[in-house]
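Down below is the structure, laid out as structure tokens.
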Amino acid sequence: MIVSIASGKGGTGKTTVATSFALATKNSQLIDCDVEEPNAHIFLKPRREKRVTVSIPIPKVDLTKCNFCGKCAQICAYNALAVLNDRVLVFPHLCHGCGGCSLLCMQKAINEVDKKIGIVEIGKANGVAFVHGILNIGEVMAPPLVRAVKQNINTSKTVIIDAPPGTSCPVIEAIKGSDFCILVTEPTPFGLNDLLLAVEVVRKMKIPFGVVVNRADLGDRKVDTYCEEENIPVLMRIPFDREIAMSYSKGIPLVTAQPIYYRKFTNMFEIIKNHVCVYSSKGNLELVD
Amino acid sequence: MKQITVISGKGGTGKTVLTASFAALAKNACIVDCDVDAADLHLLLHPKIRERHVFRSGKTARIDKRICTECGDCIDVCRFRAISGGFDVDPISCEGCTICSLVCPSQAIAMEENQSGEWYISQTKYGHFVHARLGIAEENSGKLVMKIRQAAQEMAERDRLEHVIIDGPPGIGCPVIASLSGVDLALIVTEPTMSGIHDMKRVADVAAHFSVPTKVIVNKYDINLRNTKAIENICQRRHIEVLARLPFSEKVVQSMVRGLPVVKFCSDGIAHEIADLWQTVALCLTTDQTQRG
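Chains as they are written, first to last, in this note's numbering: chain A, 992 to 1280; chain B, 10 to 302.
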């Protein structure tokens, strides 16, 4: 089973939930897909076993073969190539690595070379199998690195994916293929606004989902009202507590700081497992309580 | 005219809360919300939309099954695995590279333009506001950010405004780089947590990579004083000035619930400190402190 943890808004507690969920679940694997700002390792402190460099293919033009016909620039949907009289300019940060230019060059003048975009690290932490990706500074292409991170998914384990914030391509790439998605929010107008966006995403992707309300006693009641009206299961509430904030600030997982949460996370796992069973047998999106 | 971008690396450190207060304090500014996939600033500024523009970007392949001979060439060339064995295109995986349509021997594949979002020029109590909404699961947020920044810049030049204040997205990727490029000052809002520190360092690296002058604000500094000290030490080593330490305050959440910038919700404590901070920021921008080295 693959469970992803997402939220429209940043800083609502995705990593708090993901790391404690992984620690409380037997035979789990944590995949940190927030390659721009990976934080799960701060809490799990994994022992690194392997590090792999990730690259995307970008074009390299052999000027001795090129006849400057301009076809590559014309077909490139991302404007990553420009052909001048005697030169071809390549803009690597615009290239998506589709391979079209080298495939369609009549002169066979384009080869592909690797451009490093980041690394993937694999390790272990307290019985949790751990994988994360780190995007290079100044790099714009997060989705291919997210794909590389996810190639390490081990489906014989309970896979927990920590997704980046937002609703655009890196998030989609991260949560794609999940059996269930936990949306973490907070009961504030920002939290609610961004929860609505995140719900649109998971509904569009037809992934069953539930909500965790963090800092549940701050703000107002509108997130609860919304979830009731939409029949969205609230899986857990974590109150605002200076002690929780303090241990978070030190990089201590919630279940380690407050072991009472151990049970709450194992209960949540059972609820999700049942939902996923019901979902796959009924084949529709709406969850039953 | 000077441009400031508020960023953080980590989400939820207080970018939007600060930007909204700066908007209320600045006398002569245009405000931009560049967090186009989870925009929140409008919840505090209550804009009246004056202009609405469609943002089109990118294309998606569509296979005409009446013409398709199921030869499979499209599946072979697609590196994004967007075409299924049954010759259906997954619009979420398709990155619009158009190569399938070019290799199809029966011309059965058309590329359709996406409507990826909308952007708006609005009026608020505190001045012009440019914002956007990226469609769900769309890409090219960087392009949309460039678009709204350009609109704001043109407006600021036309109306001789003093500041363009930009609320940036979290992370360090494409929309963050688009929000940062060419601005006069990057204000990093961080918090004294291990995650906050880790993410601040990465986003400061990005700002340095693009040669953007950078200053730091430690929000909720009293959550962990040792980490606050650590942030100050890191900044000192990197020659980045820490402009302010702001305390944790329940007034922030209360003002958000009321839909107000915190400086309009109360006038003491945190509001007072943010007002002082804005004075400092404005001063930084008028002196040569942000000149590129």
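The beta carbon of each residue, even a glycine, is placed where N, CA and C say it ideally should be. Given the structure is predicted, the values throughout are model-derived calculations rather than measurements.
Check: Do we get a CB-CB distance below 7 Å when we pair SER1011(A) with the residues of chain B?
Finding: Position 20 of the first sequence, counted from the first residue, corresponds to residue 1011(A). Not a single C-beta of chain B is nearer than 7 Å to the C-beta of SER1011(A).
Check: Taking 7 Å as the CB-CB cut-off, is ASN242(B) touching chain A?
Finding: Here residue 242(B) refers to the residue found at position 233 when the second sequence is read from its first residue. No, its Cβ sits nowhere closer than 7 Å to a Cβ of chain A.
Checklist line | Sequence-distant residues of its chain with Cβ nearer than 8 Å to THR289(B) (five each side left out) | finding: Taking the first residue of the second sequence as 1, we reach residue 289(B) at position 280. Hits under 8 Å: LEU252 and ALA253.
Next item on the list: Out of VAL1045(A), THR1146(A), HIS1266(A) and MET1259(A), state which residue places its alpha-carbon closest to the alpha-carbon of PRO1199(A).
Entry: By 1-based counting over the first sequence, the position of residue 1199(A) is 208. Here the closest residue by C-alpha is HIS1266(A).
Check: Taking only beta-carbon atoms, is PRO201(B) less than 7 Å away from chain A?
Finding: Residue 201(B) sits at position 192 when you count from the first residue of the second sequence. Interface residue, yes.
Item checked: Inter-residue Cα distance where the pair is CYS43(B) and SER125(B) -> As a working mapping, residue 43(B) is identified with position 34 in the second sequence. As a working mapping, residue 125(B) is identified with position 116 in the second sequence. Cα to Cα, the separation comes out at about 15 Å.
Check: Between ILE186(B), ILE226(B) and ARG169(B), which lies nearest to MET964(A) when the distance is taken from Cα to Cα?
Finding: As shown, chain A starts at 992 and ends at 1280. That puts residue 964(A) outside it, with no answer to give.
Item checked: Within 7 Å, strictly: CB atoms of LEU50(B) and ASP176(B) -> Along the second sequence, read from residue 1 onward, the residue named residue 50(B) stands at position 41. Along the second sequence, read from residue 1 onward, the residue named residue 176(B) stands at position 167. Contact: yes.
Notebook entry, point to check: When DSSP labels each residue in this structure, what does GLU282(B) get in the three-state scheme?
Noted result: In the second sequence, counting from the first residue as 1, residue 282(B) sits at position 273. In the structure shown, GLU282(B) sits in a helix (DSSP, three-state: H, G or I).
Checklist line | Span of the alpha helix (DSSP H), counted from its first residue to its last, around ASP1232(A) | finding: Start at 1 with the first residue of the first sequence, and residue 1232(A) comes out as number 241. No alpha helix (DSSP H) holds ASP1232(A); DSSP gives it neither H nor E.
Notebook entry, point to check: Going along chain A in order, which residues have a C-beta closer than 7 Å to the C-beta of GLU148(B)?
Noted result: For this step, residue 148(B) is matched to residue 139 along the second sequence. Ordered by position in chain A, the residues that pass the 7 Å Cβ test against GLU148(B) are SER1159 and CYS1160.
Check: Got a sec? Which residues, its chain only, sit under 7 Å from LYS1148(A) by beta carbon, not counting five neighbours each side?
Finding: If you number the first sequence from 1, residue 1148(A) lands on position 157. ASN1018, SER1019, GLN1020 and ALA1120.
Checklist line | Whole-angstrom C-beta distance between ILE1033(A) and PRO1242(A), which should lie under 8 Å | finding: Here residue 1242(A) refers to the residue found at position 251 when the first sequence is read from its first residue. Here residue 1033(A) refers to the residue found at position 42 when the first sequence is read from its first residue. Strictly speaking, residue 1242(A) in this sequence is Gly, with Pro absent from that position. Correct: roughly 5 Å between the Cβ atoms.
Notebook entry, point to check: Do you know offhand how far GLY20(B)'s Cα is from ALA47(B)'s?
Noted result: As a working mapping, residue 20(B) is identified with position 11 in the second sequence. As a working mapping, residue 47(B) is identified with position 38 in the second sequence. Their Cα atoms are separated by approximately 11 Å.
Next item on the list: Using DSSP bridges, identify the partner residues of TRP128(B).
Entry: Residue 128(B) sits at position 119 when you count from the first residue of the second sequence. When DSSP reads this structure, TRP128(B) sits in a beta bridge with HIS62(B) and ALA141(B).
Check: What number of angstroms, rounded off, separates the C-alpha of ILE1144(A) from the C-alpha of ILE1022(A)?
Finding: Residue 1144(A) sits at position 153 when you count from the first residue of the first sequence. Residue 1022(A) sits at position 31 when you count from the first residue of the first sequence. Rounded to the nearest angstrom, the two C-alpha atoms are 8 Å apart.
Next item on the list: With 7 Å as the C-beta to C-beta threshold (strictly closer), list the residues of the segment 1209–1238 of chain A near chain B in chain order.
Entry: Within the segment 1209–1238 of chain A, the qualifying residues are LEU1209, GLY1210, ASP1211, ALA1236 and MET1237.
Check: Taking the alpha carbon of CYS293(B) as the point to measure from, which residue in LEU196(B), PRO114(B) and CYS80(B) has its own alpha carbon closest?
Finding: Taking the first residue of the second sequence as position 1, residue 293(B) is located at position 284. When each option's Cα is compared against that of CYS293(B), the closest is LEU196(B).
Note to self: Please identify the residue among VAL1202(A), PHE1012(A), ILE1166(A) and LEU1095(A) whose C-alpha is closest to the C-alpha of PRO1250(A).
What the structure shows: For this step, residue 1250(A) is matched to residue 259 along the first sequence. That would be PHE1012(A), whose Cα lies nearest to the Cα of PRO1250(A).
Check: Near ILE1108(A), what residues of its chain come up, given a Cβ to Cβ distance below 7 Å and the 5 sequence neighbours on each side ignored?
Finding: Here the question's residue 1108(A) lines up with position 117 in the first sequence. Apart from the 5 residues on each side of it in sequence, ILE1108(A) sits with its Cβ closer than 7 Å to the Cβ of VAL1045, SER1046, ILE1047, LEU1126, ASN1127, GLU1130, MET1132, PRO1135 and LEU1136 in its chain, given in chain order.
Notebook entry, point to check: What residues in the segment 203–217 of chain B bring their beta carbon closer than 7 Å to a beta carbon of chain A?
Noted result: Cβ contacts with chain A come from MET203, SER204, HIS207, ASP208, ARG211, ASP214 and VAL215.
Next item on the list: Find out if the Cβ-Cβ distance for the pair ALA70(B), VAL98(B) is shorter than 7 Å.
Entry: Along the second sequence, read from residue 1 onward, the residue named residue 70(B) stands at position 61. Along the second sequence, read from residue 1 onward, the residue named residue 98(B) stands at position 89. In contact: ALA70(B) and VAL98(B) (Cβ atoms closer than 7 Å).
Next item on the list: Could you tell me whether the Cβ of VAL262(B) comes closer than 7 Å to any Cβ of chain A?
Entry: Counting from one through the second sequence, the residue named residue 262(B) turns up at place 253. VAL262(B) counts as touching chain A.
Margin query: Less than 7 Å between the beta carbons of VAL212(B) and VAL192(B), yes or no?
Written below: Within the second sequence, residue 212(B) is the residue found at index 203, counting from 1. Within the second sequence, residue 192(B) is the residue found at index 183, counting from 1. Contact annotation: VAL212(B) and VAL192(B) have beta-carbon atoms that are not nearer than 7 Å.
Notebook entry, point to check: Among VAL1111(A), ASP1232(A) and SER1093(A), which one has its Cα closest to the Cα of VAL1104(A)?
Noted result: For the purposes of this step, residue 1104(A) is taken as the residue at position 113 of the first sequence. Of the listed residues, the one whose Cα sits closest to VAL1104(A) is SER1093(A).
Check: Counting Cβ pairs, one atom from each stretch, are 3 or more of them under 8 Å apart for the segment 1185–1198 of chain A and the segment 1025–1039 of chain A?
Finding: Not touching, per the Cβ criterion.
Checklist line | Sheet register partners of SER1306(A) (DSSP bridge) | finding: Any answer about residue 1306(A) is impossible in this case: the structure gives chain A only from 992 up to 1280.
Checklist line | Supposed contact pair ALA1207(A) and ILE1229(A) - C-beta distance, whole angstroms, cut 8 Å | finding: Against the first sequence, residue 1229(A) aligns to sequence position 238. Against the first sequence, residue 1207(A) aligns to sequence position 216. The beta-carbon separation of ILE1229(A) and ALA1207(A), rounded to 6 Å, stays under the 8 Å limit for a contact.
Margin query: Suppose the cutoff is 6 Å on Cβ atoms and the five residues either side in sequence are ignored; what does the same chain contact list for SER311(B) look like?
Written below: Chain B is shown only over 10 to 302; residue 311(B) falls outside these bounds and no answer can be derived.
Checklist line | Which listed residue (ILE206(B), GLN263(B) and HIS281(B)) has its alpha carbon closest to that of PRO1029(A) | finding: Taking the first sequence and counting its residues from 1, one reaches residue 1029(A) at position 38. Of ILE206(B), GLN263(B) and HIS281(B), the residue nearest in Cα terms is ILE206(B).
Check: So what does DSSP say about ARG1212(A), is it helix, strand or coil?
Finding: For this step, residue 1212(A) is matched to residue 221 along the first sequence. When secondary structure is reduced to three states using DSSP, ARG1212(A) falls in the coil class, being assigned neither helix nor strand.
Margin query: Against chain B, which members of the segment 1104–1130 of chain A pass a CB distance test of less than 8 Å?
Written below: Using a CB distance below 8 Å, the part of the segment 1104–1130 of chain A facing chain B consists of LEU1126, ILE1128, GLY1129 and GLU1130, ordered along the chain.
Next item on the list: Return no unless some Cβ of chain B is closer than 7 Å to the Cβ of ILE1151(A).
Entry: Working through the first sequence from its first residue, we reach residue 1151(A) at position 160. It does not; no Cβ of chain B falls within 7 Å.
Checklist line | Contact list for LYS68(B) against chain A, beta-carbon separation under 9 Å | finding: Here residue 68(B) refers to the residue found at position 59 of the second sequence. Taking a Cβ-Cβ threshold of 9 Å, the residues of chain A close to LYS68(B) are ALA1068, in chain order.
Next item on the list: Take SER150(B) and list the residues in its own chain whose beta-carbon comes closer than 7 Å to its own, dropping the five residues that flank it on each side.
Entry: Numbered from its first residue, the second sequence carries residue 150(B) at position 141. Result list for SER150(B): VAL45, ASP46, LEU143, CYS183 and PRO184, in chain order.
Next item on the list: Determine the closest residue to ASN1184(A) out of ALA91(B), TYR135(B), MET265(B) and ARG158(B), with distance taken between C-alpha atoms.
Entry: By one-based count along the first sequence, residue 1184(A) stands at place 193. Considering only alpha carbons, the answer is MET265(B).
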